Amino acid sequence: MGAKKTNEAVVNLLINNPTGRFITSPCASFVRYIRTKHPDLIPYLAFKADSPMIATAKIVTEKYLGYQPVFIGPCIVKKLEASEDYPELNIIVITYKELDELFSQFATPQINELSNDKFDLSEPSTRIYPFDGGLTFTSGTQTLLKDKEIRIVSNWKNIDIVLEEFKDNQS
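Letter by letter, the sequence shown follows residues 170 to 340 of my numbering.
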């Protein structure tokens, strides 16, 4: 549900700013990299589009008063995104490794079969979000922009090259 909100915000940003240039990424590490290594590109970050974690936390905070949002994922940098960028949301961020340690600490039994084992997936279309280009493909931005206007970048080795290209290409 958070990824859907992120997608909606990105699409609205593009529709309302058809000549704008944006850098979008739900990756907290990438956003921090821009802030520290390329601060001149901060104005291009699409801050109007929350990451899926933040969008979901806002939904939880609004819809379920008195409950605290919990995010479980692989990235430790999400802890910084939550605590430094959005402390007011009071998000508990747990890595998969930490969750496994908690299960071990509390001797949580392995359960192979549950009577209610359906995963609560409200937005099946966003399942590919974590993959390269997930935001682009699930949001439909490729239908709003020309191929040459979209750049999907993966692998940290490519980031500086692409960011320099972005700086050099003002159109």
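Note that beta-carbon positions come from the ideal geometry of N, C-alpha and C, so glycine has one too.
Since this is a predicted model, take the numbers as computed values, not measurements.
Beta-carbon spacing of phenylalanine 306, isoleucine 192 below 9 Å: Counting from 1 along the sequence shown, the entry for residue 306 is found at position 137. Counting from 1 along the sequence shown, the entry for residue 192 is found at position 23. For phenylalanine 306 and isoleucine 192, no; Cβs fall outside 9 Å.
Stretch-stretch touch, CB-based, cutoff 8 Å, three pairs: the region 212 to 232 with the region 241 to 254: yes
Cβ shell of arginine 190 (< 7 Å), same chain only, five flanking positions each side left out: Indexing the sequence shown from 1 puts residue 190 at position 21. Excluding sequence neighbours, arginine 190 sits near Tyr213.
Nearest-angstrom Cα separation, counted from tyrosine 298 out to threonine 310: One-based indexing of the sequence shown puts residue 310 at position 141. One-based indexing of the sequence shown puts residue 298 at position 129. Approximately 13 Å between the Cα atoms of the pair.
Coil, strand or helix - leucine 214 by DSSP: Here residue 214 refers to the residue found at position 45 when the sequence shown is read from its first residue. In this structure, leucine 214 counts as strand in the three-state DSSP scheme.
Three-state class that DSSP yields for arginine 264 in the structure shown: In the sequence shown, residue 264 corresponds to position 95, counting from 1. According to the sequence provided, residue 264 is threonine. The question's arginine does not apply to it. Correct three-state label for threonine 264: strand.
Distance between glutamine 279 and isoleucine 184 (C-alpha atoms, nearest Å): As a working note, residue 184 is residue 15 in the sequence shown. As a working note, residue 279 is residue 110 in the sequence shown. Each residue's Cα considered, the two are about 48 Å apart.
7 Å CB neighbourhood of isoleucine 211 in its chain, flanking five on each side removed: As a working mapping, residue 211 is identified with position 42 in the sequence shown. Here the set comprises Ile203, Arg204.
Rounded separation between serine 323 and tyrosine 255 - CA only: Translated into the one-based positions of the sequence shown, residue 323 becomes position 154. Translated into the one-based positions of the sequence shown, residue 255 becomes position 86. Cα to Cα, serine 323 sits roughly 26 Å from tyrosine 255.
Strand pairing of valine 239, partner residues [DSSP]: By 1-based counting over the sequence shown, the position of residue 239 is 70. Answer is Ile261.
C-alpha distance - valine 262 paired with proline 195, whole-angstrom precision: Working through the sequence shown from its first residue, we reach residue 262 at position 93. Working through the sequence shown from its first residue, we reach residue 195 at position 26. For valine 262 and proline 195, the distance between alpha carbons rounds to 15 Å.
Helix, strand or coil at serine 319 [DSSP, three-state]: Taking the first residue of the sequence shown as position 1, residue 319 is located at position 150. The amino acid occupying residue 319 in the given sequence is isoleucine; serine does not appear at that position. If DSSP states are grouped into helix, strand and coil, isoleucine 319 belongs with coil.
Three-state secondary structure assigned by DSSP to isoleucine 192: Reading the sequence shown from its first residue, position 23 is the one you call residue 192. DSSP places isoleucine 192 in strand when its eight states are reduced to three.
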